[in-house]
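Here the sequence shown is numbered in numbering that gives the first Met the number 0, starting from 0 and rising by one per residue.
Cβ coordinates follow ideal geometry from the N, Cα and C atoms, glycine included.
What follows is a set of notes on a single structure, which appears directly below.
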Amino acid sequence: MTTNQWLIPAMQGLGFTLAKGQIVRVTDVEGEQVVDFVAYRSEDTNERLDPTITMDALRKMNVQPGDIIYSSKYTPMLTVVTDQVGKHDFINSACRPEMYQFLYDKKDHASCYNNLNLAIGGFGIPAPEQHYPFNLFMNTVIHPDGQITVERPLSRAGDYIELRAEDDLIIGVSACPTSESVCNGFHCTPILIEIR
């Protein structure tokens with residue numbers, strides 16, 4: 000049963016709360032769309048979802064149903080319930096205006112950094128120096144020679160991941176606005192958020 004849902008337009012973001020035990024479904028509506036996902040503990044917003052600690056705790060980079068996403072204090076924050084894609088990213092920080100200027104010579108470009116700042120700002124959480132999200136559907140490949148490339152997402156239209164809250168959380172999401180590369184298949188599209 001869905002209690003709340005939002006269709007987030009391409010290149011935009013959203014902030015919402017998730018109570019302990021609730022499940023959030025994030026759906027890639029049209030396919031090949033990355034979603035930057037951050038989470039903060041409602042009772043102490045200094046504690047946040049931490050991709051590096053999650054990799055340390057799990058001893059791996061690819062999650063599957065049953066795996067836990069950990070906080071900056073090694074506390075369970077979310078559990079992967081369902082995953083129709085199986086390929087997400089823990090190592091890339093949120094895109095930001097400076098990145099677009101550096102890589103694409105574009106100034107004042109929309110960014111996940113700004114989208115996430117707006118999303119969490121509505122809950123009184125100050126903008127961090129940088130966001131380190133769980134990048135849903137992002138297909139980062141680490142090659143044997145150490146080279147890192149971002150390839151087309153493996154998600155197709157309607158694919159989703161479901162995460163269960165293990166504490167009361169504040170969530171920020173951004174439909175990544177990078178249309179300049181294969182990160183989003185050169186085309187930014189909406190995402191659907193449902194609380195179940």
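Rounded to whole angstroms, what is the Cα-Cα separation between residue i and residue j?
i      : j      : result
Asp233 : Gly20  : Nothing can be reported for residue 233, as the shown portion of the chain is limited to 0 through 195.
Val34  : His142 : 23 angstroms
Leu41  : Glu165 : In the sequence under discussion, the amino acid at residue 41 is Ser, which differs from the Leu named in the question. Their Cα atoms are separated by approximately 12 angstroms.
Glu97  : Tyr103 : 10 angstroms
Met10  : Asn114 : 8 angstroms
Leu17  : Asn3   : 10 angstroms
Pro176 : Gln83  : 23 angstroms
Pro189 : Ala38  : 20 angstroms
Ile147 : Val140 : 6 angstroms
Ser173 : Phe136 : 12 angstroms
Ser178 : Gln32  : 10 angstroms
Ile67  : Lys86  : 15 angstroms
Ser110 : Ala156 : 23 angstroms
Arg195 : Asp144 : 42 angstroms
Val79  : Cys187 : 25 angstroms
Gly30  : Ser154 : 5 angstroms
CB-CB under 7 angstroms to residue i, same chain, minus the five flanking residues each way: which ones, in chain order?
i      : result
Tyr69  : Asp49, Ile52, Thr53, Ala56, Pro75, Met76
Asp107 : Pro96
Return the bridge partner residues of residue i from the DSSP annotation.
i      : result
Ile90  : Paired residue(s): none; Ile90 is not in a bridge.
Gly14  : Gly171
Glu193 : Gln4, Arg24
Val84  : None, per the DSSP bridge assignment.
Ser71  : DSSP, once it has assigned bridges, lists no residue as partnering Ser71.
Report all residues from its chain with a CB closer than 8 angstroms to the CB of residue i; omit the five preceding and five following residues, and keep chain order.
i      : result
Leu117 : Gly12, Gly14
Ile22  : Val80, Glu161, Leu162, Arg163, Ala164, Ile194, Arg195
Once the 5 residues before and after residue i are set aside, which same chain residues still bring their CB inside 6 angstroms of it?
i      : result
Val149 : Thr139, Cys182
Runs of alpha helix (DSSP H) lying entirely within the stretch 99 to 181, each at least 4 residues, in chain order: 111 to 120
The stretch 131 to 140 / the stretch 82 to 98 touching (three or more Cβ pairs under 8 angstroms): yes
Whole runs of the beta strand (DSSP E) within the stretch 32 to 64, excluding any shorter than 3 residues: 34 to 40, 43 to 47
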